[in-house]
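**Q**
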Amino acid sequence: MATSLSGWQHHFIETNHIRLHCVTEGEGDLVVLLHGFPEFWYSWRFQIPVLARYFKVVVPDLRGYNDSDKPASGYDLDTLCGDIQGLIESFGYKRAHIVGHDWGGAIAWHLGQKFPQYLNRLAILNAAPSQRLVQEMVSNLDQLRRSWYVFAFQVPGIPEWLIQQNLKEFVKSVFQGMAVRKGVFSADNTEIYRDALAKPGVLSAALNYYRQMFSPWHWLKEFGQLPNPIMAPTLVLWGEEDALLSQNLTKDLGQWILAPYELKLIPHCGHWVQQEAPQTVNRELLTFLRQG
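Each residue of the sequence shown is one higher than the one before, counting from 36 in my numbering.
This is the structure we're talking about:
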């Protein structure tokens with residue numbers, strides 16, 4: 036099913052036993068844009084029309100977000116990657132360029148490590164491989180301090196209730212409060228994010244990403260396993276003044292990648308890099324993705 040809004044196509048795609056809502060535009064090689072917490076497809080609004088001049092751009096609401104299905108389970112990285120694999124195949128492709136920010140970046144890293152056959156090129160915006168992030172949290176007090184909310188989210192039920200009671204303030208503090216270039220998050224924009232988060236089931240689903248990350252089952256499954264190196268050409272873009280993720284996470288990232296790799300730091304820019312510095316991000320993505 037597809038409807039057209041604002042010149043973009045809105046689809047509902049069956050994948051991995053759930054239904055994902057996504058926005059598409061353009062024709063050509065497939066580019067999939069994966070958003071983070073607590074966003075939805077709208078966070079890529081500046082990239083979609085620019086990339087669509089050269090590519091078929093598909094931007095899903097991740098499992099649990101906005102208009103996608105919100106099952107009680109399936110928020111582990113293997114299942115989330117399964118969602119994206121099915122999405123790629125649903126559009127008739129075998130591989131895609133994958134671009135991910137925040138949690139979407141964690142999914143993109145994982146896809147590259149465990150399911151490389153689905154990848155052409157990999158572009159990451161302010162996100163580290165999950166193993167690298169946890170490593171940093173347990174060894175670096177600065178990152179532990181930045182990640183306090185991850186531990187607060189582990190408590191069942193209470194974070195959802197607290198956020199729901201103060202949703203307007205929560206959205207403003209997360210987006211505008213964490214941005215360096217605050218002007219991008221107008222009252223209208225924050226209201227759009229608030230409305231998406233207010234939909235039934237979204238908050239619990241969004242927090243389940245963090246809960247799954249620290250579940251005992253996850254650690255038992257991963258125990259002793261070295262991550263596979265990334266075999267796809269990789270670009271990492273990083274807003275230098277990210278309040279949530281330490282720039283330390285970018286050190287030695289090259290050791291995770293056995294392919295051409297480039298790290299580009301974006302000055303005077305916070306965590307919401309594709310929204311705070313859209314022209315820079317668009318230019319870098321176009322240059323990188325059009326190489327192959």
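Even glycine gets a Cβ: it sits at the ideal position worked out from N, Cα and C.
Quick one: grab the DSSP three-state call for Phe75.
**A** Position 40 of the sequence shown holds residue 75. Residue state, collapsed to three classes: coil.
**Q** Can you tell me where the alpha helix (DSSP H) with Phe210 in it begins and where it stops?
**A** Locating residue 210 in the sequence shown gives position 175, counting from the first residue. Note, Phe210: alpha helix (DSSP H), Leu202 to Phe210.
**Q** If we ignore side chains and look at the alpha-carbon of each, how far apart do Thr269 and Leu157 end up?
**A** Mapped onto the sequence shown, residue 269 falls at position 234. Mapped onto the sequence shown, residue 157 falls at position 122. For Thr269 and Leu157, the distance between alpha carbons rounds to 5 Å.
**Q** I believe Thr59 touches Leu122 by the beta-carbon criterion, under 8 Å. Please report the beta-carbon distance rounded to the nearest angstrom.
**A** The count along the sequence shown starts at 1 and reaches residue 59 at position 24. The count along the sequence shown starts at 1 and reaches residue 122 at position 87. Thr59 to Leu122, Cβ: 11 Å. No contact.
**Q** Sort out for me which residues DSSP pairs Glu49 with in a bridge.
**A** For the purposes of this step, residue 49 is taken as the residue at position 14 of the sequence shown. Partner(s): Arg54.
**Q** Take every Cβ of the region 98-105, pair it with every Cβ of the region 233-244, and state whether three or more of those distances are shorter than 8 Å.
**A** Yes, the region 98-105 is in contact with the region 233-244.
**Q** Any contact between the region 119-133 and the region 268-287? By contact I mean 3 or more CB pairs, one from each, below 8 Å.
**A** Because the criterion of three Cβ pairs below 8 Å is not met, the region 119-133 and the region 268-287 do not touch.
**Q** Which residues in the same chain as Trp76 place their Cβ atom closer than 6 Å to its Cβ, once the five residues preceding and following it in sequence are excluded?
**A** Locating residue 76 in the sequence shown gives position 41, counting from the first residue. Only Val58, Val94 and Asp96 meet the Cβ criterion.
**Q** Measure the alpha-carbon distance for Ala87 versus Ile133 and round it to whole angstroms.
**A** For the purposes of this step, residue 87 is identified with residue 52 of the sequence shown, where counting begins at 1. For the purposes of this step, residue 133 is identified with residue 98 of the sequence shown, where counting begins at 1. Straight-line Cα distance between these residues: approximately 14 Å.
**Q** If I'm right that Pro84 touches Leu232 with Cβ under 8 Å, what's the distance once you round it to whole angstroms?
**A** Here residue 84 refers to the residue found at position 49 when the sequence shown is read from its first residue. Here residue 232 refers to the residue found at position 197 when the sequence shown is read from its first residue. That pair is no contact at about 25 Å.
**Q** Cα separation between Glu124 and Leu176?
**A** Stepping through the sequence shown from its first residue, residue 124 is reached at position 89. Stepping through the sequence shown from its first residue, residue 176 is reached at position 141. Whole-angstrom Cα-Cα distance: 42 Å.
**Q** What does the alpha-carbon distance come out to for the pair Ala294 and Ile227?
**A** Here residue 294 is taken as the residue at index 259 of the sequence shown, counted from 1. Here residue 227 is taken as the residue at index 192 of the sequence shown, counted from 1. When rounded, the distance between both Cα atoms is 39 Å.
**Q** Would you call the CB atoms of Arg167 and Leu284 closer than 8 Å?
**A** As a working mapping, residue 167 is identified with position 132 in the sequence shown. As a working mapping, residue 284 is identified with position 249 in the sequence shown. Yes, Cβ-Cβ distance for Arg167 and Leu284 is below 8 Å.
**Q** Helix, strand or coil for Val134? Go by DSSP, reduced to three states.
**A** Numbered from 1 along the sequence shown, position 99 holds the residue referred to as residue 134. In this structure, Val134 counts as strand in the three-state DSSP scheme.
**Q** Give me, in chain order, the residues of the same chain whose beta-carbon lies closer than 8 Å to that of Asp215; leave out the 5 immediate sequence neighbours on both sides.
**A** Residue mapping note: residue 215 aligns to position 180 of the sequence shown, counting from 1. The sequence shown places Val at residue 215, rather than the Asp named in the question. Cβ neighbours of Val215 beyond the five flanking positions: Gly274, Glu276, His303, Cys304, Gly305 and Glu311.
**Q** Quick one: Cα of Val308 to Cα of Asp118, how far?
**A** Here residue 308 corresponds to residue number 273 of the sequence shown, with the count starting at 1. Here residue 118 corresponds to residue number 83 of the sequence shown, with the count starting at 1. Cα to Cα, Val308 sits roughly 25 Å from Asp118.
**Q** What residue from Leu112, His145, Leu69 and Phe188 has the CA that sits closest to Ile265's CA?
**A** Within the sequence shown, numbered from 1, the residue matching residue 265 stands at position 230. Nearest option by C-alpha distance: His145.
**Q** Determine the burial state of Leu324: buried for a count of at least 16 other Cβ atoms within 10 Å of its Cβ, exposed for fewer.
**A** Here residue 324 corresponds to residue number 289 of the sequence shown, with the count starting at 1. That one is buried.
**Q** Residues in the same chain with beta-carbon distance under 7 Å from Tyr153, minus the five sequence neighbours each way, listed in chain order, please.
**A** Residue 153 sits at position 118 when you count from the first residue of the sequence shown. Taken in chain order, the residues that qualify are Gln120, Ile123, Arg130, Ala131 and Leu146.
**Q** Helix, strand or coil, according to DSSP, for Tyr296 in the structure here?
**A** In the sequence shown, residue 296 corresponds to position 261, counting from 1. Strand at Tyr296.
**Q** For Leu112, collect the residues of the same chain with a Cβ closer than 6 Å to its Cβ; drop the 5 residues on either side in sequence, then sort them by chain order.
**A** Reading the sequence shown from its first residue, position 77 is the one you call residue 112. His145, listed in sequence order.
**Q** Can you list, in chain order, the residues of its chain whose CB lies under 7 Å from that of Val209, leaving out five sequence neighbours each side?
**A** Taking the sequence shown and counting its residues from 1, the one referred to as residue 209 is at position 174. If we look at Val209 and ignore the five residues flanking it on each side, its Cβ neighbours are Pro73.
**Q** What's the C-alpha gap between Val316 and His70?
**A** As a working mapping, residue 316 is identified with position 281 in the sequence shown. As a working mapping, residue 70 is identified with position 35 in the sequence shown. Taking the straight line joining both Cα atoms gives about 14 Å.
**Q** Among the residues of its own chain, which have a CB less than 7 Å from the CB of Gly63, if the five just before and after it don't count?
**A** For the purposes of this step, residue 63 is identified with residue 28 of the sequence shown, where counting begins at 1. If we look at Gly63 and ignore the five residues flanking it on each side, its Cβ neighbours are Tyr89, Phe90 and Lys91.
**Q** Beta-carbon within less than 8 Å of Lys217's beta-carbon, same chain only, minus the 5 sequence neighbours each way: which residues are those?
**A** Taking the sequence shown and counting its residues from 1, the one referred to as residue 217 is at position 182. Cβ within range, chain order: Gln211.
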